[in-house]
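Residue numbers (my numbering), protein chains in the order written: chain A, 381 to 636; chain B, 381 to 636; chain C, 381 to 636; chain D, 381 to 636; chain E, 381 to 636; chain F, 381 to 636; chain G, 381 to 636; chain H, 381 to 636.
Backbone N, C-alpha and C fix where the C-beta goes; we use that ideal spot for every residue, glycine too.
Remember, it's a predicted structure, so these values are computed and weren't measured experimentally.
Data first, discussion second: the structure below is written as structure tokens.
There are 8 protein chains.
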Amino acid sequence: MSDPAALKQLLELVAQGRVSPEVALGELKDLAFESVDDFAKIDHHRQLRTGFPEVIWGPGKTPAQIAKIMQVMGDRHPVVMATRIDVDTYHQLQPKVHNLTYYPEARICALIQESPQVHHPGTISILTAGTADLPVAEEAAITAELSGFAVNRLWDVGVAGIHRLLSHRHVIAEADVLIIVAGMEGALPSVVAGLADCPVIAVPTSVGYGVSFGGVAPLLTMLNSCAAGIGVMNIDNGFGAAILAGQILRTAAKLR
Amino acid sequence: MSDPAALKQLLELVAQGRVSPEVALGELKDLAFESVDDFAKIDHHRQLRTGFPEVIWGPGKTPAQIAKIMQVMGDRHPVVMATRIDVDTYHQLQPKVHNLTYYPEARICALIQESPQVHHPGTISILTAGTADLPVAEEAAITAELSGFAVNRLWDVGVAGIHRLLSHRHVIAEADVLIIVAGMEGALPSVVAGLADCPVIAVPTSVGYGVSFGGVAPLLTMLNSCAAGIGVMNIDNGFGAAILAGQILRTAAKLR
Amino acid sequence: MSDPAALKQLLELVAQGRVSPEVALGELKDLAFESVDDFAKIDHHRQLRTGFPEVIWGPGKTPAQIAKIMQVMGDRHPVVMATRIDVDTYHQLQPKVHNLTYYPEARICALIQESPQVHHPGTISILTAGTADLPVAEEAAITAELSGFAVNRLWDVGVAGIHRLLSHRHVIAEADVLIIVAGMEGALPSVVAGLADCPVIAVPTSVGYGVSFGGVAPLLTMLNSCAAGIGVMNIDNGFGAAILAGQILRTAAKLR
Amino acid sequence: MSDPAALKQLLELVAQGRVSPEVALGELKDLAFESVDDFAKIDHHRQLRTGFPEVIWGPGKTPAQIAKIMQVMGDRHPVVMATRIDVDTYHQLQPKVHNLTYYPEARICALIQESPQVHHPGTISILTAGTADLPVAEEAAITAELSGFAVNRLWDVGVAGIHRLLSHRHVIAEADVLIIVAGMEGALPSVVAGLADCPVIAVPTSVGYGVSFGGVAPLLTMLNSCAAGIGVMNIDNGFGAAILAGQILRTAAKLR
Amino acid sequence: MSDPAALKQLLELVAQGRVSPEVALGELKDLAFESVDDFAKIDHHRQLRTGFPEVIWGPGKTPAQIAKIMQVMGDRHPVVMATRIDVDTYHQLQPKVHNLTYYPEARICALIQESPQVHHPGTISILTAGTADLPVAEEAAITAELSGFAVNRLWDVGVAGIHRLLSHRHVIAEADVLIIVAGMEGALPSVVAGLADCPVIAVPTSVGYGVSFGGVAPLLTMLNSCAAGIGVMNIDNGFGAAILAGQILRTAAKLR
Amino acid sequence: MSDPAALKQLLELVAQGRVSPEVALGELKDLAFESVDDFAKIDHHRQLRTGFPEVIWGPGKTPAQIAKIMQVMGDRHPVVMATRIDVDTYHQLQPKVHNLTYYPEARICALIQESPQVHHPGTISILTAGTADLPVAEEAAITAELSGFAVNRLWDVGVAGIHRLLSHRHVIAEADVLIIVAGMEGALPSVVAGLADCPVIAVPTSVGYGVSFGGVAPLLTMLNSCAAGIGVMNIDNGFGAAILAGQILRTAAKLR
Amino acid sequence: MSDPAALKQLLELVAQGRVSPEVALGELKDLAFESVDDFAKIDHHRQLRTGFPEVIWGPGKTPAQIAKIMQVMGDRHPVVMATRIDVDTYHQLQPKVHNLTYYPEARICALIQESPQVHHPGTISILTAGTADLPVAEEAAITAELSGFAVNRLWDVGVAGIHRLLSHRHVIAEADVLIIVAGMEGALPSVVAGLADCPVIAVPTSVGYGVSFGGVAPLLTMLNSCAAGIGVMNIDNGFGAAILAGQILRTAAKLR
Amino acid sequence: MSDPAALKQLLELVAQGRVSPEVALGELKDLAFESVDDFAKIDHHRQLRTGFPEVIWGPGKTPAQIAKIMQVMGDRHPVVMATRIDVDTYHQLQPKVHNLTYYPEARICALIQESPQVHHPGTISILTAGTADLPVAEEAAITAELSGFAVNRLWDVGVAGIHRLLSHRHVIAEADVLIIVAGMEGALPSVVAGLADCPVIAVPTSVGYGVSFGGVAPLLTMLNSCAAGIGVMNIDNGFGAAILAGQILRTAAKLR
């Protein structure tokens, strides 16, 4: 129903009074999208529906494809972002897309036409177990900030030095949502979730060696946590953690 | 610092005016717990801190241990629950603990001294892909209801019959948090998360055979979902999903 | 029996009237092949038997070996193709084999002496979940087209935006065989198989990260699908999917 | 749209001439289903759409649930079947459902109101590597026969005695679709596919020990087959193989 | 060389003055053992050499075999123990071996002819994360006590309630060796090792469900710990942990 | 060609002088077998060809099927054996098959019409690491003895007591083939192969717990052995080891 | 409590006589650390507490980060070391940090202000199975030597040539702690632990190919060892082995 | 006992008549080896004992180490070989070691002082499934030839074209030992073992993609083979297969 003919038909029905505008809006919310040169289908109404921009996942796409999708999306959205963009890809995108901003630690490229403001209530606190977990944590932080959320960063508070964590207990106490990023054995979320009274999202990272199996070990730790109620993400998926954290704070706003 | 001596010392400091009541409350919130016959340590203040009762995970504990812990906890909490309790264990607990309620599908045993009321805003909608996923979904539903949340159930709407799901789109639209329970290939959360604009929690189940590997296959599906921001639980962990969903709604209430 | 001596003996038996030509044809259909410099044995009659050319799988063979096999096969077959040929290998093959065609997205190299026409009934529709799945889908598409089948392409209709798929339901309805190509969580075949009433072939791709385990996650999804009757291929095996789709349409033609 | 209200509305639109009967039929084909006591949703039109009955997968459902679903489905369909039904479950179903037929080797229970006739063209040949693979092969055979297809059985022709297989080459030659069932190392489909010129479907079984890993070893063998174009099923999934084989023969009928 | 002939020869050499008693003792320390009915070979000098009795690992041995080995060993050693002995096996052993002591939680059976005294310096402290880890911890504790070491037990101090652990910090501070027993995610050793300044031995347990994979998850956690220097045991191997702890304290005694 | 018609045709060709007896024997050696009630195909000439009887692998076959196959085979062979037969199955077979011998440790059932004599040169020495590995070792020993080979048994000489092994070095030195059976970590074959100068066959067993993963750990140990040239069997496959050992001694005999 | 404010407060309490110096020392022992530019938190008192310097794990940190942390730590500690430093990283560190020492085989970089002396009793003997295990063994050896322990090295004594090991039995006999480093099948620790009467630490290495799975095979061997009481490390973790060995000798010294 | 002192003592004992020359020879056969610069220990008598030279496994050793070991060994042995030597390493070895021969397909480097002659009875036939398996097969072939065995090569006879294999049945019939090398699904050994009446050794290769998992799939196939008695090697271990094949033929010679 979402092809032009279907849309035309829907609008004619509205014009004829057979479909009310409210109903038509509901229909449109679900259906509209746009094709980009056949290789991609952009869902413009998704932001309306889910509150976040269509984000481009970089791997497996050519720089030319990424640039094209960014431009088409940029015509309609104030902020467009692409994740997992390494420096080389960024250098290939720069001449093709105007006004690109690059966040090297987060490996995020963004086309920002209006500077994002904090326009949602609450704070997302992001903790890492080690210094090497920083890129994943920054992916989460930049995603959240570009989506209009306030972020609080706390790095290198892993459980082997429990007092480093306990001395920052106020960061945990003041958070409305927590994102915990950890590689190696990934034990930090268990300890934090025992101290927190807000939702905890855990992101395992591929930091480690040997039987860390590229992040499988901390993933298992987080899924098996004896601290109940931790929502777990795929390995290195800082982006997804930020989206879930954002959805939690938006839900709060809706319930008001 | 949390042993009796430490607590006494803290209270003396308050009495002497050297520690303010506010500070002391903060300290107490973290520290107090109680030993049960040496084999378990109950954390009475945890409910204060995280908003949920200390729940007893049944497996690996003898009925006598479970009964003892329930009684000690029951002295201080209006609702005490034990999960993963099969019918046989329930029958062994019944003579030992008064007023036990058993939910056979959810495999939950509860000691309820005040009937739980919905005392938090918002609705948790729980969906299953198939009929066989029901026990895990009920574990989530009963946990949420005993914790004071409103629950909406929708069973058997797996993706192989997509219209069964689409015809219940209003359940998705009206939810404040979604818990999606699925075994086999576990694809339901991906489709639902694309339609929803609230947080989505996914629970893989051990329903399936062959290369479902006891629930590993749907777990991987959920962690790899192309729909960003799904919080994933351990296999069959309906309880954990309810806790996270509850924390999300409590956070919303706090932010108001 | 297939060495020269055996063949000579068989023909003599025919000449002597002791073996009928029909029987001899049957024997020949199974047996004849040819050695290429000892390192490869080509099965010229395979096309007679299975309806598809002997295709060269590139990896682990030197460009010199590939070129040699292509030339020997080219003497007898109108179309010879090699798969998994990257650009570098193509450049090494080009001076060695005349009239090579290269399909960069499909990573296929072909020696085409007669342009392939559609000479089988029916249509193979190929769908991808994402843009990054395109190389595998093109491997399937080019293989099918070079084998004489009509192909219909539909890219980027993954389940997280279910309406993109539903709005192209006619592609599913009109297909005689469907090839569904998906990485990440690989949920697309389950949804499509629920909508289709023709055979569905699923190809997992190595697109993804973390616990996609190089395509194992979508493979498991497809094997565990709650939609019954999906035929599953090895990871990234677009070629195999095209062969099975072609065999299905050829069988249909034979049954007429 | 598929709830009673939606259906009523659709029919009113037809009555008013605003929706043509053709369009309405198309809509109905996709949408109609029925709820059974909330725990299951039956898709009555699925047979219309995919040509096969909604089959009940037994595991994880109580006998009472299975019986209830069978009865509701039996009101509308000439043949209803349930798979993975062990003898004990059958004995619990028998008093609850009239006229139940049980196939012990195939572990299938069926409610047959009209004896199924062969009403599709072509033959499905089913081969097993060993005697112990028989239950899975019978699941495929009975499913195919109950769905109206002609079946040819050939048991115990594994590759370690290649001449047992070669002496039955005519079974391979005469098949329109082949289902190859094998446990242990699962090599049979590779050899058969090299001899056949029709579609080959492979089903790994859990027959074996040690590093057969409950059927994972033959599954890997089949997915990695050097014979191109084999469609692979989940471990022990004879049912799925029959559905795919049936869809292939139905496609042939449609193309005529 | 360790058969009777060899031993006789060695002693004759000593008698003849060709081998000094010191040398002979060294030889004997390595070599002597005894056959029990062909199915087992007992190493009597092992206790001399490693300081611990030859312990019988129960699984895979018949009660008759266990009883026979216990008796042969009991003739020479003051304490003989068998591990992984369930209650049924114990009841079969009881009539066959006199004076058997059974420790049901530890699943250890012992033939004790002299009550074991603490005859080594230092204390082994054993901690568990949960109540369900108790059997493994008791296997360690009883093994250590029967071997003559002082043991300190502390149960149910898992990391999700970090203050339960911190309030017992003196147990950690006073230990000479620590054995940490944990299932689920197994994070306790990481936290403890960060607080301790003595050797830490970690034992993963099979307590858990889903992706705990029977104890693999906590095993990986312990091997990947960011707290350096933890010695890890096989899953549920409380016995091995006690042996290593004992060897550490014995080394201390030797260095004096 | 191996069905009755084919055999008749072959013999007629011989009678007519068109096929020489030598050629016919060669053909017969490959082809002849017999069907048992459709569920099994017996290869009578296999013993001629490989020197070992067709052995029945018990699991997955009903006692009735096993008995029937044994009887058909017993008509032509002096010794017929079935492996992996537990005591219960033996008791069901006993009334159905006359003169059955049962080896409980080896779990082998045999129909012996002529007592097997040692009729091949050389000795097969079989070593186990522990007492619990005995059933697998006995499966190898009985198989070898029933096939006419001399066997030498040596149990419980695992590497943790290296002198138990070294004191039996003559067993290693005198062997013509060695079969080493080991569970747990499976290190014994590496040490033995370093001492031996004859072929070494290694059989991992499922003896162990935790990360032995049912025998995968010793299997990996044996495949990775730094002692070159060890031939490895599937887990618990004592039967296969005996067959390979026998083939080695038969080859030796042929080469003389 | 460990931020400046907290420390100031603690010291004021001491000055006012409300906290005794003993108590304050205890507090300080746990709490003090220092932030380095936000990306790392250094725990200066850890050496006091655990007897070893805070060591920098190189991977995932930029050379600039490593250099900065080394300098901050170098202000307070006589020896600072960084592990897993390849030659390229060393060359980038050299101009940034004065007086750097590089151990190429051990891949360790150290800032040594006082030459480390042996200041602990006892000897750590380190054995390798092969020459290729040397880098891991040297990581252990250098770590131990820089921490003030005496080290004894013995390379290339794998079990396939058991006499190479037995002829060095005195190295085993004289050790106070043994570190056994082995790749491939990793059987060396089992044999050594059977000969030794001191604690044995095992380190699997990634030396091997095929099913060594990057060191998983020797890891499993070590965890499953039939020689009780071996403490196992993560793959290639020579550093951790040295820390545990050191803690064992320090404990011995404390117990004197 | 194998250090110079021990050897001297042994010889003195012989000189004094206290040890007979026979006994001394036996002792020497086991014990003698030589250290190379501490990093390697060469076992000169191993060839005496096992009939094969000490072969150098290249990976993880520096070219300087390899060259040094080759030279030391070359002083005593007519043929010294190093495996897994890529072209670059060969070029680094060439100036350091005189008269080096390089076999590029087999990746073997050899120092040959006497041309190896066939000096053992029997023939080793080596078969590959595909062209890409050639390097592993050549490693086996060259190793066998350098060790003095006759080799027969047959490439590219995989099971998907079963007649290519059957037409070379004489190669199978004439072999005294068979080495079967196969990647992808690895089914060739099962078929060959069913046809052969000599020992069969199977070598899985890492040829394949997707779920071949670097050779694990064909390894599992070979271990699970329904053809009994196949001796399996680690992935790509052509060298080991040649050693086992050689030991089998040597055993034949000994039995004469």
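Discussion item. Check whether chain E comes within 7 angstroms of A:V583, counting only Cβ atoms and requiring the distance to be less than that.
Written reply: no
If you follow the alpha helix (DSSP H) that D:S505 is part of, which residue opens it and which one closes it?
-> Element bounds for D:S505: not the alpha helix (DSSP H) but the beta strand (DSSP E), 503-508.
Taking the alpha carbon of D:G620 as the point to measure from, which residue in B:E554, B:I610, B:G590, B:A608 has its own alpha carbon closest? B:G590
Residue nearest to A:K448 in terms of C-alpha spacing, selected from C:T511, C:T481, C:G440: C:T511
Contacts around G:D536, its chain only, beta-carbon distance under 8 angstroms, and the 5 residues preceding and following it disregarded:
T508, A509, G510, T511, R544
Give me the subset of the segment 609-621 of chain F whose CB atoms are less than 9 angstroms from a CB atom of chain D, sorted by chain position. M613, N614, I615, D616, N617
Report task. Closer than 7 angstroms by beta-carbon distance: list the chain D residues that pair up with C:C578, in chain order. Result -> Q627, T631
Which residue wins for smallest C-alpha separation from C:M564, given the options C:V580, C:H550, C:L599? C:L599
Item to check | Euclidean distance between Cα positions of G:P439 and A:I581 | outcome: 25 angstroms
Would DSSP call A:I560 helix, strand or coil?
-> strand
Taking 6 angstroms as the cut-off, is the C-beta of B:M450 nearer than that to any heavy atom in the ligand PLP? This structure lacks the ligand PLP; in fact it carries no ligand of any kind.
Rounded to whole angstroms, what is the Cα-Cα separation between E:V557 and G:R630?
11 angstroms
Notebook entry, point to check: How about F:A462 and F:I446: do their beta carbons lie closer than 7 angstroms?
Noted result: yes
Which listed residue (F:G528, F:S527, F:A540, F:A517) has its alpha carbon closest to that of F:L534:
When the alpha-carbon of F:L534 is set against those of F:G528, F:S527, F:A540, F:A517, the nearest one is in F:A517.
### Message
Can you pull out the residues from the segment 439-452 of chain D whose beta carbon lies closer than 7 angstroms to at least one beta carbon of chain B?
### Response
P439, G440, K441, Q445
Based on Cα-Cα distance, which residue from A:C606, A:P584, A:V539 lies nearest to B:L603? A:P584
query: Quick one, are the C-beta atoms of G:E529 and G:I504 less than 7 angstroms apart?
result: The residue you asked about is not Glu; residue 529 of chain G is Phe in the sequence shown. In contact: G:F529 and G:I504 (Cβ atoms closer than 7 angstroms).
Q: Kindly provide the ranges of any beta strand (DSSP E) runs that are 3 or more residues long and lie completely inside the segment 499-553 of chain E, ordered along the chain.
A: 503-508, 530-534
inquiry  = Assuming D:G611 is part of the beta strand (DSSP E), what are its boundary residues?
reply    = 610-612
Exercise. Return no unless some Cβ of chain B is closer than 7 angstroms to the Cβ of E:T511.
Key: yes
Taking the alpha helix (DSSP H) that A:A576 belongs to, which residues open and close that run? Note, A:A576: premise wrong, no alpha helix (DSSP H); not H, not E.
(Q) Quick check on D:A621: does DSSP put it in helix, strand or coil? (A) Here D:A621 sits in helix by DSSP.
query: Do you know offhand how far C:L514's Cα is from C:E485's?
result: 8 angstroms
- prompt: With a CB to CB cut of under 6 angstroms and the five nearest residues on each side skipped, what residues in its chain are close to G:K634?
  reply: none
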